Amino acid sequence: TQLSSAQTTRSTCPYCGVGCGVLIEHDGKHITGVRGDPEHPANFGKLCIKGTTLHHTADPALLSARAQYPALRPTRDAAPQRVSWDVALDTAAARFADIISRHGPDAVAFYFAGQLLTEDYYVFNKLAKGLIGTNNFDTNSRLCMSSAVVGYKLSFGMDSVPCNYEDIDHADCLFITGANPAFAHPILFRRVEAARERRPGQKIIVVDPRRTDTSELADLHLAILPGTDVALYNGMLHLALKKGWVREDYIAAHTEGFDAMREIVRDYPPAHVAERCGIREQDLEQAAEWFATSPATLSMYCQGLNQSTQGAHKNAALINLHLATAQLGRPGAGPLSLTGQPNAMGGREVGGLSNLLPGHREVANPEHRAEVARLWGVPSLPATPGKSAVELFQALADGSVKAVWIGCTNPAQSMPDLGLIDAALKRAEFVVLQDAYRHTETAAYADLILPATTWGEKDGTVTNSERRISRVRTAVPPPGEARHDWAIGVAFAHRLGHRLGREDVDALFAYDRPETIWNEHRETTRGRDLDITGLSYPLLEAAPRQWPCPEGYSEGLPRLYSDGRFPTPSGRARFVATTWQNTAEQTNARYPLQLNTGRLRDQWHGMSRTGTVARLYSHESEPLLHIHPQDLASRQLHDGDWLQVHNPRGKVVVRARASTTVPPGQVFLPMHWGANAMAGLGINALTTAAFDPLSKQPELKHAAVQVEAL
Ligand code: SF4
Numbered sequence: 010t011q012l013s014s015a016q017t018t019r020s021t022c023p024y025c026g027v028g029c030g031v032l033i034e035h036d037g038k039h040i041t042g043v044r045g046d047p048e049h050p051a052n053f054g055k056l057c058i059k060g061t062t063l064h065h066t067a068d069p070a071l072l073s074a075r076a077q078y079p080a081l082r083p084t085r086d087a088a089p090q091r092v093s094w095d096v097a098l099d100t101a102a103a104r105f106a107d108i109i110s111r112h113g114p115d116a117v118a119f120y121f122a123g124q125l126l127t128e129d130y131y132v133f134n135k136l137a138k139g140l141i142g143t144n145n146f147d148t149n150s151r152l153c154m155s156s157a158v159v160g161y162k163l164s165f166g167m168d169s170v171p172c173n174y175e176d177i178d179h180a181d182c183l184f185i186t187g188a189n190p191a192f193a194h195p196i197l198f199r200r201v202e203a204a205r206e207r208r209p210g211q212k213i214i215v216v217d218p219r220r221t222d223t224s225e226l227a228d229l230h231l232a233i234l235p236g237t238d239v240a241l242y243n244g245m246l247h248l249a250l251k252k253g254w255v256r257e258d259y260i261a262a263h264t265e266g267f268d269a270m271r272e273i274v275r276d277y278p279p280a281h282v283a284e285r286c287g288i289r290e291q292d293l294e295q296a297a298e299w300f301a302t303s304p305a306t307l308s309m310y311c312q313g314l315n316q317s318t319q320g321a322h323k324n325a326a327l328i329n330l331h332l333a334t335a336q337l338g339r340p341g342a343g344p345l346s347l348t349g350q351p352n353a354m355g356g357r358e359v360g361g362l363s364n365l366l367p368g369h370r371e372v373a374n375p376e377h378r379a380e381v382a383r384l385w386g387v388p389s390l391p392a393t394p395g396k397s398a399v400e401l402f403q404a405l406a407d408g409s410v411k412a413v414w415i416g417c418t419n420p421a422q423s424m425p426d427l428g429l430i431d432a433a434l435k436r437a438e439f440v441v442l443q444d445a446y447r448h449t450e451t452a453a454y455a456d457l458i459l460p461a462t463t464w465g466e467k468d469g470t471v472t473n474s475e476r477r478i479s480r481v482r483t484a485v486p487p488p489g490e491a492r493h494d495w496a497i498g499v500a501f502a503h504r505l506g507h508r509l510g511r512e513d514v515d516a517l518f519a520y521d522r523p524e525t526i527w528n529e530h531r532e533t534t535r536g537r538d539l540d541i542t543g544l545s546y547p548l549l550e551a552a553p554r555q556w557p558c559p560e561g562y563s564e565g566l567p568r569l570y571s572d573g574r575f576p577t578p579s580g581r582a583r584f585v586a587t588t589w590q591n592t593a594e595q596t597n598a599r600y601p602l603q604l605n606t607g608r609l610r611d612q613w614h615g616m617s618r619t620g621t622v623a624r625l626y627s628h629e630s631e632p633l634l635h636i637h638p639q640d641l642a643s644r645q646l647h648d649g650d651w652l653q654v655h656n657p658r659g660k661v662v663v664r665a666r667a668s669t670t671v672p673p674g675q676v677f678l679p680m681h682w683g684a685n686a687m688a689g690l691g692i693n694a695l696t697t698a699a700f701d702p703l704s705k706q707p708e709l710k711h712a713a714v715q716v717e718a719l
């Protein structure tokens, strides 16, 4: 199939996990326009405002924001100076080899992103675990989806999204919890709106402490108190049991562990749960009834569940509800986690987290390590657990990790507790930043900046929230000397390998284009839950496809667990014993307000791309503190006043927006602003690095703060 012409190249949007197909219009040198791809099953031609303005982010007038040449900083306080790729890569290889020889492989680390393509991820993950011998490879997907991953594994035995976007059209009840798809996943939200129009009887329940554009569509909005999600889900299960709404036949045939859960939810009577969650008892009962008794209930959820010290159990408690009421395995029913980033899923497929190996294998499993060592042709893989995102920066701060290679992400803006990140990057002996943009907050700490290609310039694959793999394609050449991320990894691997005396390095990294990486990657999935040995680049050229899709098949599986069998040792899904625990930080007399952070509709992450488009700024051009009028009045403050928000970790100065979208006692800040766009370290100076012990995902969505006049 001919997919590209001189004027149009089919590709995928680089922003959120919806993974919309785009048609890039160009003249071979410059991108001139973007349209939705009418043939892509994620969006059928529609795009949100971020997608429709993508071509503006590639405007030649913005070239000065791009990293175009390698640059080395001779000392930390000197300006970066342009160097050749040879000098840059030799310097990096020499510094890494020196640190590894003096302190061992675990003294270096890699921190990458769910923005990367699967092929990029694969190369750097292999470089860390297969060549250097460290599991210190983590990504910003840790901040995004790791709690959902653990939730799926605990409940189903596998990191798998059982549903697909079409289920939105079939659902009789939509349970949207800890998510604001109207802002964060706009094209999916349009699908929700369209489904609602077609099926006026469809019930929509939204669970969110704030009133949002999503909750405006709801038949029932449960504005629970922050962090009380597990209490809510357990309370709904209590009611389902009491009213006879659970499906005992499904529980008996397809699950295990229900008796323990039945005991636990005895302690979640409606009056108690309603008080704990801050909602009305009749609303709790209504939600439980609609969830349990609708012919098909679909949950859609995101960071409200994931970014929590109880994130894994929030996910598992929600899946408990689906299992108890048999709401999965058929059209319109099941848990549909929404991926924040465009390729958080693809990263997991190649093992791109510190606890994972390719093909959904685990570092902690000796058989899995042996299998991957065999596939890669290396003697063994390291058993020492790698450091997750927060642990990695803590290790840089305490000096046990000495060098870090950061790719395609901006931790000095996006990590929690930016004071910690500042200390970590200052103490690091050597910081490499591989990025398409040269003025990010993290660039200020980098000893070496390597220019990378970005959307419109690179080639590979991504996996969206419904397990659908799409091609990303090159439309125009990159600026200056920017190189593809995978190619930077290959070039560095060769130089480092030779310095480390690894004669096998040339064979280990014999990649000449993304397709050769893809072919190796898919082989690592043979016989695994996500088997994609049937998917070739030529097949993906024709259309995006879902996994699993083993050899001999040309289409993936749209829905999992329809047969009631699960990939656990017993073949049964597991009820997870979930009990409610409070947030890591509670309010007190000094810090009496609960801070929530989240996305705006028209910005993306640290704004290095969306921040260049004036039209996107017209939505909200500064980080306003959304605060209830009562909380303003009690401080003698007014709408529009400048004020300071602070806690022991940090302080930000912003203006107030009096708003009843947040209840008294709670405030909200958009997450996008870092040190480059405001005084201080940025919004995340206030958030906590406390993380879930199971998923290691930090609690970015809750902190205790005080608000005062400047
Ligand atoms: Fe891009 Fe997400 Fe918008 Fe689709 S919904 S156009 S993937 S930002």
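Per UniProt numbering, residue 10 is the first one in the sequence shown, and the count goes up by one each step.
Yeah, the Cβ is synthetic: ideal placement off N, Cα and C, and Gly gets one too.
Owing to the predicted nature of the structure, the values given are computational and were not obtained by experimental measurement.
Straight-line CA distance for residue i to residue j?
| i | j | result |
| --- | --- | --- |
| Arg82 | Ala433 | 18 Å |
| Leu548 | Gly510 | 39 Å |
| Ser224 | Thr670 | 10 Å |
| Leu695 | His507 | 44 Å |
| Lys135 | Asn144 | 10 Å |
| Gly60 | Trp464 | 12 Å |
| Leu641 | Arg599 | 16 Å |
| Pro707 | Asn149 | 11 Å |
| Arg208 | Asp444 | 45 Å |
| Lys411 | Val96 | 21 Å |
| Leu429 | Leu183 | 39 Å |
| Thr84 | Tyr546 | 44 Å |
| Thr306 | Gly341 | 6 Å |
| Ala297 | Phe402 | 42 Å |
| Pro375 | Ala283 | 46 Å |
| Ile33 | Pro23 | 12 Å |
| Leu424 | Trp254 | Note that residue 424 is Met in the sequence shown here, rather than Leu. When rounded, the distance between both Cα atoms is 42 Å. |
| Asp99 | Met154 | 35 Å |
Going by C-alpha distance, which of the options is nearest residue i?
| i | options | result |
| --- | --- | --- |
| Arg608 | Trp589, Glu629, Gln590, His179 | Glu629 |
| residue 9 | Phe677, Ala586, Pro702, Ala688 | Any property of residue 9 remains undetermined from this structure, which presents the chain solely from 10 to 719. |
| Glu290 | Pro279, Leu347, Glu298 | Pro279 |
| Ala261 | Ser579, Leu459, Gly355 | Ser579 |
| Gln639 | Asn605, Val676, Glu298 | Val676 |
| Leu539 | Arg285, Pro576, Ala519 | Pro576 |
| Gln312 | Tyr174, Val216, Ala301 | Val216 |
| Asp107 | Pro425, Phe192, Phe439, Arg618 | Phe439 |
| Leu505 | Lys660, Ala102, Ala80, Arg44 | Ala102 |
| Tyr161 | Ala582, His635, Trp651, Trp613 | Ala582 |
| Leu602 | Leu241, Ala51, Lys710 | Lys710 |
Which term fits residue i, buried or exposed, when burial requires 16 or more other beta carbons within 10 angstroms of its beta carbon?
| i | result |
| --- | --- |
| Asp494 | buried |
| Leu72 | exposed |
| Gly37 | exposed |
| Leu12 | For Leu12, the predicted model reports a pLDDT of 46, less than 50, meaning its position is unreliable; a value from the coordinates is still stated below. Leu12 should be labelled exposed. |
| Pro388 | exposed |
| Glu564 | exposed |
| Asp701 | buried |
| Asp431 | buried |
| Glu466 | buried |
| Trp651 | exposed |
| Thr393 | exposed |
| Arg275 | exposed |
| Asn243 | buried |
Name the DSSP beta bridge partners of residue i, please?
| i | result |
| --- | --- |
| His637 | Paired residues: none, contrary to the question. |
| Ser346 | Tyr310 |
| Phe300 | In DSSP, Phe300 forms no bridge with anything. |
| Ile33 | Thr18, Val43 |
| Asp444 | Pro460 |
| Pro707 | Phe700 |
| His655 | Lys660, Gln715 |
| Ser479 | Val471 |
Is residue i near the ligand COA, going by C-beta to nearest heavy atom under 7 Å?
| i | result |
| --- | --- |
| Tyr174 | With respect to the ligand COA, the structure offers nothing, as its ligand set consists of the ligand SF4. |
For the region 311–340, which segments carrying the alpha helix (DSSP H) assignment without a break, of at least 4 residues, lie completely within its bounds, in sequence order? Within the region 311–340, the complete alpha helix (DSSP H) runs of at least 4 residues are 312–315, 320–333.
Within the region 180–209, note down every full beta strand (DSSP E) run reaching 3 residues or more, in order along the chain. The region 180–209 contains these whole beta strand (DSSP E) runs: 182–186.
Could you tell me which uninterrupted alpha helix (DSSP H) segments, each at least 4 residues in length, are contained entirely in the region 108–190, listed from first to last along the chain? Counting only runs of 4 or more, we get 127–135, 155–165, 175–179.
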